[in-house]
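To start, the structure itself, in structure tokens.
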Amino acid sequence: MSDSALDAAGSSLPLSPSRKAAAPRAQSEARAGSAGKEHVIDAMRGFAALLVAYFHCRQVEWVGMQTFHQSVGHSFSLSTIAAYLTFPIAWGSAGVPIFFVISGYCIHRGGALRLAKNPDYRLDTGNFWIRRFARIYPVLLAALVLTFALDWVSLQLPPVNHKIREIGLQAFLVNLFSLQGVAGKTFGSNGALWTLSLEVQFYAIYPLLFALRRRLGMTSVLAIVAVINVVSAYVLERHDLQFFTSYWFSWTLGAWIADAKARSTPEARSSVWLYVLAAAFIALGCAAFHFGQYGAFQLWAVGFAFYLYKALERPNADKADTPGVRLLSRFGDFSFSLYLIHLPIFVLLSSILFRSSLQMSIWPSFGYMLVAVPVAYVFYRLVELPAMKWSASFKPKNVVKPA
């Protein structure tokens, strides 16, 4: 990850013979640890993207668990069992706080490592914003254009799917400038874009958070953000206004983890009880979801933060590189693309195949995913990868002074 990579130029001082001998081993161990951490991050990102995508898929294609249960009763056909097995997806919106916690961690990790080496380090705000713009906006623009094209086709196939909102120029510009939730709604059928505006707002305010971290320390910053989060939720969310301040706590949790890990020693180990706390808060979030998504969102963020903090302690790539983690990390590679374009694909498939009517069978939802995932991968190769390379081209080059 370009944003989270540490300047690895090393010391400009010559090494003693003993340090020279130890250097290859230390570098090998560092690479192994880094690879393991990358797998954990990418696997969590892949899991979150698949969770959110299938959560939306069921909404677009299926009648829902209550209607299904009332219709099929206690039938034990293969189709019924498959539908009941998707029950945990009802909490699929939990994928969003995973994204925010991971984003805060990845964005701040590079700066946190530099601060650990040099307390006087200052963020290059202009360069940070340029790299974020190059990373996000080409992909967002392409996703909006694709959403317009797919929704235009869907609109020609009445009855119109209820997921499709305005696809005019004003809605396009509101989403292009990441103002959905404040100045307008999400574009067309792409309701998932509501979180992208928050993400861009996080990036815009990150230099301020970084400056506060240098002055006050990350724990104090997290406490301040927690208060702002509560006040913002009371003032804005109750009026259906979605602004980054109402979700800032989850993002800052990830940044706090990056800061804590940067200052800890490689040998430091936290209690395994963090996994228990993670499971407890995630379960509490699922219970709170019955009373509203916002409160559940905060609990999920804390739970996933506990999990991430502990999971990052995996000492080497071999331990982290299990088949499941490896598979999820592959999805994590193009999770951003999948997140940005899955909903318009589902809506188009529903419009073509079922005239936008909800189905009693769960099987078509699996087919929808089998279409969306490869399309997202192609989108990633054609659009997101070039954007990543463009963003990386703005990264300051490491300069190693001669000894």
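In UniProt numbering, the protein residues as written are 1 to 403.
The beta-carbon is built from N, C-alpha and C at its ideal position, and this holds for glycine as well.
Predicted model, so just to flag it, every value in this text is computed and none were measured.
With DSSP collapsed to three states, give me the class of residue i.
{"i": "Gln242", "result": "coil"}
{"i": "Gly184", "result": "strand"}
{"i": "Gln156", "result": "coil"}
{"i": "Gly36", "result": "At Gly36 the pLDDT is 42, less than 50, meaning the model places this residue with poor confidence and gives no usable figure here."}
If you draw a straight line from the alpha carbon of residue i to that of residue j, how long is it in whole angstroms?
{"i": "Val182", "j": "Glu267", "result": "45 Å"}
{"i": "Ala143", "j": "Ile345", "result": "11 Å"}
{"i": "Cys286", "j": "Ser220", "result": "29 Å"}
{"i": "Phe191", "j": "Leu340", "result": "Note on residue identity: the sequence assigns Gly, not Phe, to residue 191. Roughly 9 Å between the two C-alpha positions."}
{"i": "Leu327", "j": "Met44", "result": "11 Å"}
{"i": "Ala83", "j": "Phe47", "result": "20 Å"}
{"i": "Ala387", "j": "Ile136", "result": "7 Å"}
{"i": "Glu302", "j": "Gln156", "result": "The amino acid at residue 302 is misidentified as Glu; the sequence shows Val. So the two alpha carbons sit approximately 44 Å from each other."}
{"i": "Thr245", "j": "Ala112", "result": "22 Å"}
Around the C-beta of residue i, are 16 or more other C-beta atoms found within 10 angstroms, so that it is buried, or is it exposed?
{"i": "Arg355", "result": "exposed"}
{"i": "Phe289", "result": "buried"}
{"i": "Ile352", "result": "exposed"}
{"i": "Asp120", "result": "exposed"}
{"i": "Lys397", "result": "exposed"}
{"i": "Phe304", "result": "buried"}
{"i": "Pro97", "result": "buried"}
{"i": "Lys117", "result": "exposed"}
{"i": "Thr125", "result": "exposed"}
{"i": "Leu145", "result": "Correcting the residue identity first, residue 145 is Val in this sequence and not Leu. With fewer than 16 Cβ atoms within 10 Å of its Cβ, Val145 is classed as exposed."}
{"i": "His342", "result": "buried"}
Alpha carbons only, please: which of the options is nearest the one belonging to residue i?
{"i": "Trp91", "options": "Val227, Gly332, Tyr54 and Ile102", "result": "Tyr54"}
{"i": "Ala134", "options": "Val231, Tyr203 and Leu173", "result": "Tyr203"}
{"i": "Pro374", "options": "Trp390, Ser393, Leu338 and Pro386", "result": "Leu338"}
{"i": "Met218", "options": "Asp259, Arg330 and Val302", "result": "Asp259"}
{"i": "Asn229", "options": "Tyr294, Ser264, Glu166 and Leu208", "result": "Tyr294"}
{"i": "Leu141", "options": "Gln59, Leu157, Asn127 and Val174", "result": "Val174"}
{"i": "Ser197", "options": "Glu166, Tyr247, Thr80 and Met65", "result": "Tyr247"}
{"i": "Leu115", "options": "Leu299, Ser264, Tyr368 and Leu312", "result": "Ser264"}
{"i": "Leu358", "options": "His69, Trp62, His56 and Val72", "result": "Trp62"}
Please report the Cβ distance between residue i and residue j, rounded to the nearest whole angstrom; I am assuming they are in contact, meaning their Cβ atoms lie under 8 Å.
{"i": "Gly188", "j": "Ile164", "result": "6 Å"}
{"i": "Ala49", "j": "Gly95", "result": "7 Å"}
{"i": "Tyr307", "j": "Ala278", "result": "4 Å"}
{"i": "Thr186", "j": "Leu179", "result": "Not quite, the Cβ-Cβ distance comes to about 11 Å (not below 8 Å), so this is no contact."}
{"i": "Thr195", "j": "Phe99", "result": "7 Å"}
Looking at the ligand SAM, does it come within less than 7 Å of residue i, judged from the CB to the closest heavy atom?
{"i": "Lys397", "result": "Absent from the structure shown: the ligand SAM. Ligands present: none."}
Is the Cβ of residue i closer than 8 Å to any Cβ of chain B?
{"i": "Trp273", "result": "Checking the listed chains, one finds no chain B in this structure; it contains a single protein chain."}
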